[in-house]
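Below: the structure, in C-alpha cells.
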Amino acid sequence: MSTETSSGTGPDRTEEMTIREAIRLALREELDRDDDVFVMGEDVGAFGGVYEVTGDLVEQFGEERVRDTPISEAGFMGAAVGAAATGTRPVVEIMFSDFIGVCSEQIINQMAKNRYMFGGKTEMPVTVRTTEGGGSGAASQHSGTIHTWFAHFPGVMAVAPATPASAKGLLKSAIRSDDPVIVFENKQIYEQKGEVPLDDDFTIPIGTASVEREGEDVTVVATQRMVGESLELAEELAGQTSVEVVDLRSLYPMDTETLVESVKKTGRLVIADESPLSYGTHAEVATRVMENAFYSLDAPIQRVGVADVHIPFSPALEEEVLPHGSDVEAAINRIV
Amino acid sequence: MVVLDIETEDGQREALRRMLTIRAFDTKAADLFSDGELPGFVHLYVGEEAVGVGACSALESDDYITSTHRGHGHCIAKGLDPDLMMAELFGKANGYCNGKGGSMHIADVDAGMLGANGIVGAGPPLATGAALTSHLKGEDTVALAFFGDGAVAQGQVHEAINLAATWDLPAVFLVENNQYGEATPVEKQHNVQNLSETAEAYNIPGFTVDGMDITAVYEAVKEARKRAADGEGPTFIEAETYRYHGHFEGDQQPYRTEEDVAIWKDRDAIETFKRRLVDAGTITEDEFDEMKAEIDQQIEDAVGKAKDAAYPDPSEAYEDMFNAAVPEISDFSSGMRADGGEDR
Ligand SMILES: Cc1ncc(C[n+]2csc(CCOP(=O)(O)OP(=O)(O)O)c2C)c(N)n1
Ligand SMILES: [Mg+2]
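So the protein sequences, as listed, match chains A and B. For the first sequence, full-length UniProt numbering assigns the number 1 to the initial residue and increments by one for each residue that follows. For the second sequence, full-length UniProt numbering assigns the number 1 to the initial residue and increments by one for each residue that follows.
Here you go:
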C-alpha cells in the first residue's frame, strides 16, 4: 500500500509508529470524536491493558469511558450487546481470543443474530478487539488463532490487521460501523513499525484487501504476522522469483476481487495464515479463487498454516508448529 | 394509549385489560398450535400474567425490558400490538420481525422491548447493557430483565447481576419462579430456599413476592425502579408464580398432576385482581364481561388478519444481516439461489 513517508502537514501527514500505538491512536481519535464510544475490558483502564494497548487512554477519557470490568467476559460481552442496541458504541477487549469461548453465547446468539432475527429493527455497533497468535511461549490456552470461527459465523465481520496503518484504519472503520466487527490482533506484531496516516478521518473500508507488493510469478495472500514475513521473503527472492503479496486484512467480508485479479495475473497462489489448516481461512481464500479464477491457475494452491495441533509450550515445539517466511518459501518452491 | 399506572383507576382497568389480553392471546396460540397452524415452538405465559403486567406498570414507557423464550406476556405488558405479534407467530411479513424471528424473538427496540430470547439466561446481560447506556448517557431510563427460575443457574446471569451491582447500574432483575425449568422442579436446580437469597451475594436488596398478586409485583418493582433511577443500583426480585400450560405446547407434563396445577389456579391472578377491582367499584361484573368479550374478539381478529397477511418474499431471507451491504450475501442472492437467481 502507498504510505507517504514524510511527515509534512495537511491531510496526508503520516508518522512512524508501532501497531500498538496505531491501535491506541484509533481508539483515542474515536473516543474523542464520538461521546457514544466507550472501551471496556479487563484492566484496560489504569493498568493500560495486558499488552499495553489502551495505555493512558483512561487519563484522557476517564474511568466511565475506559472501563475496567470484572473478569466476566459473558457479562460484559452481553452488556456490550445491550448497550449497543440502546444507543452506545462499545469497544470490548477480550484479553486473549482463547477466552472467547466463555462469552461466545453473547457473540453468536445475540450480537450476530439480533439484527437479522428482529427483521433489521436494531443496529449492533459493537467492536470486539482480541489478541491471537503464538510465539511467546504462552502455551495452548493463550496462543490460538481462532479468527476462522468468527469469519465463518454469519452476522459478524472479522478483520485482522498486519500493518500499523491497517491497524488504525480497520479499527476506526469497525468502531464507526453499525455492524458488529471483531478485530483480531496478532500479539507478536504489536511492536512492528510503519507509517500511519495522522488524518483523524483515515479509515480502511472493511472488505478490502491490499496489494502490499506487486509481483508477476506467484501471489501470496497473507494475514497478520505472515504479511510482514512474506514481504521480507519477497524482498529476498527479488531477482529470482517475483512475488506479489496481498494483505487479506478483512476476513469477512472478503475482497474476492483483489485476490482474483492477482491470481489471474500470476497464475499461482500461496495462502499464509496462522490458523489451523483444516477448514481454515486458507480454505475460504482457495475456494474463492477456484470459483473465480480456476482457468488462470497454473499450479495447485498451497496452504501455509498450523497443522491441526495446538500451540505447544516448549520453544523447540512452538517454533516447529508456527508458520514462517521459510514455509512460504517452501510453498513457493513447490509450485514455481 | 392508556398509561399503565395501576395507582389510578384507569390504569387498573388497563392492567386488567393487558392481563386478559395475554391470557386470550396465549390461549389462542395454544389452540392454533395444536391445530397445526403455527410453525416452531410456543411457550405460553398463561398463569403468569400478574408478573409481566405488574412489573411493566411500575416502569416508565421509555424503560427497557429483556425477555425470555416465554415472552408474549412481556410484549403485551410492555404495550406491543397483538396484531403484529400474531402476524409474527404466523411468520408473516408485517410481523414485528418481518417474520424472521417468530414467537421466541419478538422485539420492538423502539418500544423498549429488547427481545424475547431463545437462550436461557441471555437476557440479563443485555439488560445490564441497556442500564449501562442509561448510566453513560445520563438518561433516567431503567432496564428490567425478566428471567426464569431455571436461568438463575446460568453463569451469565450471575455475571450480569454482579456487573450491574458493582457498577450501581439502573437495572432490575426479576425472576419469574414458575416452579419449573422445563420438567425439573426448582428445588432440584438450586440449593437456596428462596431464589432471592442470592441477592445477598451481590450485596443488593432481594425480595420474594407473590407473583399471583399484581399489586405485590407492582410495589416491589416500583421500589426497585426508584432505587435504580436514584443511582442506588439493582434489585433482585423473585415473583412466585406458575405456568398453567406445559413448558411448551405438546408437553405431556409427567412431572406434575392436575391437582398441583389446580392449587395455583385457585389463586388465579386475573380472578384475584378482578375481584379486587369489583369490590372497590372500579369495574362491574358486566363491564368485566364486556372487556373480556372485546379482547377475545380482538384476538380473533388478530388471527384473521395474520392469516390474511402476506408471507415475506423469499428474497427477504437475504436481507437484514448487516447494516452494510455484504457481497457474500448479495452475490448469492442474485446468482446462486435455489430458484436460479437473477442471472440464470
Ligand atoms: C442455554 C440454554 N439451555 C437450554 C435451553 C433449553 N430450554 C429452553 S426453556 C428451558 C427451561 C427454562 O426454565 P426457566 O428459566 O425456569 O423458564 P420457564 O420456561 O420456566 O419460563 C430450557 C432448559 C435453552 N433454550 N437455552
Ligand atoms: Mg421456570
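Glycine residues also receive a C-beta, built at the ideal position from the N, C-alpha and C atoms. What you are looking at is a predicted structure, and each value in this text was computed from that prediction instead of being measured.
Note: residue 173 of chain B is bridge-paired with B:145 and B:236 in the DSSP secondary-structure output. Contact between residue 17 of chain B and residue 321 of chain B fails: their C-beta atoms lie close to 38 angstroms from each other, not under 8 angstroms.
Taking 7 angstroms as the upper bound on Cβ-Cβ separation, chain A lies near residues 155, 156, 159, 160, 162, 163 and 166 of the region 155-171 of chain B. In the structure shown, residue 206 of chain B adopts extended strand secondary structure according to DSSP, grouped into three states. With a beta-carbon spacing of about 11 angstroms, residue 221 of chain B and residue 50 of chain B fall beyond the 8 angstroms limit used to define contacts. The Cβ atoms of residue 72 of chain B and residue 117 of chain B do not sit closer than 8 angstroms to each other.
Interface with chain A (8 angstroms Cβ-Cβ cutoff): residue 97 of chain B is included.
In this structure, residue 161 of chain B and residue 114 of chain B do not form a Cβ contact; the two beta carbons are roughly 17 angstroms apart against a cut-off of 8 angstroms.
Spatial neighbours of residue 39 of chain B in its own chain (CB-CB distance under 7 angstroms, excluding positions within 5 residues in sequence) are listed in chain order as 91. A check of alpha carbon separations from residue 265 of chain B across B:287, B:78, B:41 and B:212 identifies B:212 as the nearest. Less than 8 angstroms divides the Cβ of residue 121 of chain B from the Cβ of residue 147 of chain B.
Contacts between residue 64 of chain B and chain A, judged by CB atoms closer than 7 angstroms, involve 86 in chain order. Contact annotation: residue 58 of chain A and residue 45 of chain A have beta-carbon atoms nearer than 8 angstroms. As the crow flies, the alpha-carbon of residue 299 of chain B is around 26 angstroms from that of residue 63 of chain B. Taking a beta-carbon distance threshold of 8 angstroms, residue 234 of chain B does not count as an interface residue toward chain A. Screening all residues for a C-beta within a distance smaller than 6 angstroms of any heavy atom in ligand 2 leaves B:148, B:149, B:150, B:178, B:180 and B:181, in chain order. Contacts with chain A at 8 angstroms (Cβ-Cβ) include residue 137 of chain B. A residue is called buried once 16 or more other Cβ atoms fall within 10 Å of its Cβ, and residue 307 of chain B, having fewer, is exposed.
Nearest in C-alpha terms to residue 34 of chain A, of all of A:223, A:201 and A:242, is A:201. Under DSSP, residue 295 of chain A shares a beta bridge with no residue. Beta-bridge partners assigned by DSSP to residue 136 of chain B: none are found. Under the 8 angstroms criterion on CB atoms, residue 121 of chain A is classed as interfacial with respect to chain B. Nearest C-alpha to residue 284 of chain A among A:150, A:92 and A:116: A:150. A distance of 8 angstroms or more separates the beta carbons of residue 36 of chain A and residue 123 of chain A. Not one heavy atom of ligand 1 falls within 7 angstroms of the beta-carbon of residue 66 of chain A.
When Cβ-Cβ separations below 8 angstroms define contact, residue 320 of chain B makes contact with chain A. Between ligand 1 and the CB of residue 119 of chain B, the shortest heavy atom gap is smaller than 7 angstroms. For residue 326 of chain B, a Cβ of chain A is located within less than 8 angstroms of the residue's own Cβ. For residue 23 of chain A, the enclosing alpha helix (DSSP H) begins and ends at 19-33.
Taking C-beta separations shorter than 7 angstroms and ignoring five residues to either side along the sequence, the partners of residue 95 of chain B in its chain run 84, 87 and 88, following chain order.
For residue 82 of chain B, not one C-beta of chain A is nearer than 8 angstroms to its own C-beta. Here the alpha carbon of residue 332 of chain B sits roughly 55 angstroms from the alpha carbon of residue 288 of chain B. The beta carbon of residue 101 of chain B lies closer than 7 angstroms to those of 88 and 107 in the same chain, with the five residues before and after it left out. Against chain B, the CB of residue 89 of chain A has no partner CB under 8 angstroms away; the residue lies outside that interface. Taking residue 317 of chain A as reference, the option from A:140, A:71, A:79 and A:95 with the minimal CA-CA separation is A:140.
Distance from residue 161 of chain A to residue 249 of chain A at the Cβ level is roughly 6 angstroms; contact confirmed, criterion being Cβ atoms closer than 8 angstroms.
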